[in-house]
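Protein chains: 2
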Amino acid sequence: MTRRKPYHHGNLRESLLQAAISLIAEVGPTAFTLREVARRAGVSHNAPYRHFRDKDDLIASVAAEGYRELTAAMGRAAAKHPQAIDRLKHAGLAYIGFALQRPEHFTVMFDAPGTAEHGESAGPEAKQAFTTLVELVTDAQRSKQLPAGDPLQFALLAWTMVHGIAKLATTGRLPYRTTPAILKFASFVIDQSLPVRANPNTDN
Amino acid sequence: MTRRKPYHHGNLRESLLQAAISLIAEVGPTAFTLREVARRAGVSHNAPYRHFRDKDDLIASVAAEGYRELTAAMGRAAAKHPQAIDRLKHAGLAYIGFALQRPEHFTVMFDAPGTAEHGESAGPEAKQAFTTLVELVTDAQRSKQLPAGDPLQFALLAWTMVHGIAKLATTGRLPYRTTPAILKFASFVIDQSLPVRANPNTDN
DNA sequence: ACCCCGATGTGGGCAGTGACAACATTCATT
DNA sequence: AATGAATGTTGTCACTGCCCACATCGGGGT
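Quick mapping for you: the protein sequence lines, in order, are chains A and B.
Start counting at 1 in the first sequence, then tack on 932, and there's your number in the numbering used here.
Start counting at 1 in the second sequence, then tack on 932, and there's your number in the numbering used here.
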């Protein structure tokens, strides 16, 4: 017989993260409650403190998980295309796709109280995601598919662009309701803003 | 002699909004507390309920105030330029400028729990701000300074762009620290994305 | 085999919160 | 002057985040 109530949960940390995500999905990141998370994981209201310093630490962990997934998603999308400029573009689309598929993570990553905010303390996961983006930009520049110039600036341009779309989309402010519709709009925006090289180099 | 403790505050609603804004500025929109707001306004913890249905209603009012200011700021910026395309561009810069000067309002307008979120219930103030933007776009199209096409789509393009910059800037994720530096970057982004009309019409 | 100690989970408690209800004070209208 | 709607106050409740002391478990050294 399985012990009905094993004193030790066995995998509480993961269960808590899982419960936190579904709770956020239901009530939003602000109405989100640490005690309710514990309840859903079937433990006492104090058990979470054995795995997370406090409430902010829990959500920060959710955010970190999100950054890791985001980085992976962008990498996967980029890997599907040979042309550097396409790799960049589709990484951007993957950014938006991630926001749409994991809105709880996305919200927490950029609007949570414990998450970065003031200063650059965004944690290594966040930096990693941004680094991925910068590399895609420099690659595109190297292959002359993007004009020369400060790669950081272009990376920021790309980032602000997809972030704006993702943010407005996940908060339901865009007049498009389905993921494909939003991605189509995103494509339009990206193509529109991609420097359509006034001097289309012939050496590519 | 001035009555030391007038039972009626006289202008509580305004004072509460004011107190709310400075509280948000100090502790952020999540740590923000209704009772503390009441304390700062010098009234009991229940007085606010005579002016706002609940906590969310208070922050929604702050957001509405923000939208009104935003609309005004964009209008002022546009008014300074004769060329439609410049009017659009500077309205965009004003959007970002507003976010930088009134970060509390801006945060609350787009990240608050009561604020729109699901659905289009963003309130008339929000719609008004967006309408202003759409008008600037159609004007630019009429004067051939922007290619023809769905004005809504171009308006959304412009919006997502400046919103992305504003959002990342106000959460301290851009490597620029001063307002001028951020606006300069914004200018770069806007110019970069503005369709540099492949066929520069001569009839303007 | 034993014990013991660190890791993990529990129950109780505290100050602070949002919201409700009843009560007090004020002001404008008649 | 009186009265009723606005406005502000005190009291209360369930709930929250986090602290404390205590209970239970499990693995390593003797």
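Ideal placement from N, C-alpha and C gives every residue a C-beta, glycine not left out.
Coarse secondary structure for residue i, derived from DSSP in three states
i: serine 993 of chain A; result: helix
i: arginine 1109 of chain B; result: coil
i: alanine 1080 of chain A; result: coil
i: lysine 1012 of chain A; result: coil
i: serine 976 of chain B; result: coil
i: histidine 1037 of chain A; result: helix
i: alanine 1044 of chain B; result: coil
i: glycine 1104 of chain B; result: coil
i: asparagine 1133 of chain B; result: Bear in mind that a pLDDT of 43 at asparagine 1133 of chain B, under 50, signals an unreliable position, so the number given afterwards is only what the model happens to contain. Asparagine 1133 of chain B falls in the coil class under three-state DSSP.
i: proline 938 of chain B; result: coil
i: aspartate 1123 of chain B; result: helix
i: threonine 1070 of chain A; result: helix
i: serine 1075 of chain B; result: coil
i: phenylalanine 1086 of chain B; result: helix
i: aspartate 988 of chain B; result: helix
i: alanine 962 of chain A; result: Just to set this straight, residue 962 of chain A is threonine in the shown sequence, not alanine. Here threonine 962 of chain A sits in helix by DSSP.
i: glycine 1051 of chain A; result: The predicted model places glycine 1051 of chain A with a pLDDT of 44, which falls under 50 and marks its position as unreliable, so this point remains unresolved.
i: histidine 983 of chain B; result: coil
Distance, residue j Cα to residue i Cα
i: histidine 940 of chain A; j: valine 975 of chain A; result: 10 Å
i: histidine 1050 of chain A; j: arginine 1000 of chain A; result: Interpretation of histidine 1050 of chain A is limited by its pLDDT of 42, a score under 50 that renders its predicted location unreliable; the figure taken from the coordinates is listed afterwards. Rounded to the nearest angstrom, the two C-alpha atoms are 21 Å apart.
i: alanine 995 of chain B; j: phenylalanine 1038 of chain B; result: 7 Å
i: leucine 1088 of chain B; j: threonine 1070 of chain B; result: 12 Å
i: proline 961 of chain A; j: lysine 1076 of chain B; result: 45 Å
i: methionine 933 of chain A; j: arginine 972 of chain A; result: Residue confidence for methionine 933 of chain A is low, a pLDDT of 45 falling below 50, so the modelled location carries little weight and cannot support an answer.
i: leucine 1020 of chain B; j: proline 938 of chain B; result: 49 Å
i: proline 1112 of chain B; j: lysine 1012 of chain B; result: 19 Å
i: arginine 1074 of chain B; j: leucine 1065 of chain B; result: 14 Å
i: alanine 1072 of chain A; j: alanine 1090 of chain B; result: 24 Å
i: arginine 967 of chain A; j: arginine 985 of chain A; result: 14 Å
i: alanine 1005 of chain B; j: proline 1014 of chain B; result: 17 Å
i: leucine 1068 of chain B; j: proline 1045 of chain B; result: 30 Å
i: alanine 957 of chain B; j: alanine 1016 of chain A; result: 42 Å
i: lysine 987 of chain B; j: histidine 983 of chain A; result: 32 Å
i: asparagine 1131 of chain B; j: isoleucine 1114 of chain B; result: Here asparagine 1131 of chain B scores only 44 on pLDDT, less than 50, and its place in the model is too uncertain to base an answer on.
i: glycine 1081 of chain B; j: leucine 1126 of chain B; result: 14 Å
i: glutamate 946 of chain A; j: threonine 1063 of chain A; result: 27 Å
i: histidine 977 of chain B; j: glycine 942 of chain B; result: 17 Å
Short Cβ contact (9 Å threshold) for residue i with residue j
i: alanine 1010 of chain B; j: alanine 1031 of chain B; result: no
i: glycine 1029 of chain B; j: histidine 1095 of chain A; result: no
i: lysine 1099 of chain B; j: tyrosine 1108 of chain B; result: no
i: alanine 970 of chain A; j: leucine 948 of chain A; result: yes
i: glycine 1055 of chain A; j: alanine 952 of chain A; result: no
i: leucine 944 of chain A; j: proline 980 of chain A; result: yes
i: aspartate 1043 of chain B; j: aspartate 989 of chain A; result: no
i: alanine 1061 of chain A; j: threonine 1102 of chain A; result: no
Min CB distance residue i to chain B below 9 Å
i: histidine 990 of chain A; result: Here the sequence assigns leucine to residue 990 of chain A, which means histidine is not the residue at that position. Cβ-Cβ to chain B under 9 Å: no for leucine 990 of chain A.
i: glutamine 1085 of chain A; result: yes
i: leucine 1020 of chain A; result: no
i: phenylalanine 1042 of chain A; result: yes
i: isoleucine 1017 of chain A; result: no
i: leucine 1088 of chain A; result: yes
i: lysine 1076 of chain A; result: no
i: threonine 1092 of chain A; result: yes
Proximity to residue i [Cα-Cα], best of the options
i: glycine 1104 of chain B; options: A:Gly1104, A:Thr1092 and A:Asp1123; result: A:Thr1092
i: proline 1079 of chain B; options: A:Gln1124, A:His1013, A:Ile991 and A:Leu1088; result: A:Gln1124
i: alanine 1058 of chain B; options: B:Glu958, B:Gly998, B:Asp986 and B:Asp989; result: B:Gly998
i: valine 959 of chain B; options: B:Ile1114, B:Asp1018, B:Ile1122 and B:Glu1036; result: B:Glu1036
i: arginine 1008 of chain B; options: B:Ala1026, B:Ala1016, B:Asp1018 and B:Gln1015; result: B:Ala1026
i: serine 1119 of chain B; options: B:Ala1005, B:Asp1018 and B:Leu1002; result: B:Asp1018
i: phenylalanine 964 of chain B; options: B:Gln1085, B:Val1040, B:Gln1015 and B:Thr1003; result: B:Val1040
i: leucine 1106 of chain B; options: A:Asn978, A:Leu1084 and A:His983; result: A:Leu1084
i: threonine 1110 of chain A; options: A:Gln1033, A:Gly942, A:Asn978 and A:Glu1067; result: A:Gln1033
i: phenylalanine 1086 of chain A; options: B:Ile1122, B:Glu946 and B:His983; result: B:Ile1122
Cutoff 9 Å: residue i Cβ touching any chain A Cβ
i: aspartate 986 of chain B; result: no
i: serine 1119 of chain B; result: no
i: serine 954 of chain B; result: no
i: threonine 962 of chain B; result: yes
i: tyrosine 1125 of chain B; result: One point to set straight first is that residue 1125 of chain B is serine, not tyrosine, in the sequence displayed. Chain A, which has a Cβ nearer than 9 Å to the Cβ of serine 1125 of chain B, makes this yes.
i: lysine 1012 of chain B; result: no
i: histidine 1037 of chain B; result: no
i: proline 1107 of chain B; result: yes
i: glycine 1096 of chain B; result: yes
i: proline 1045 of chain B; result: yes
i: threonine 1103 of chain B; result: yes
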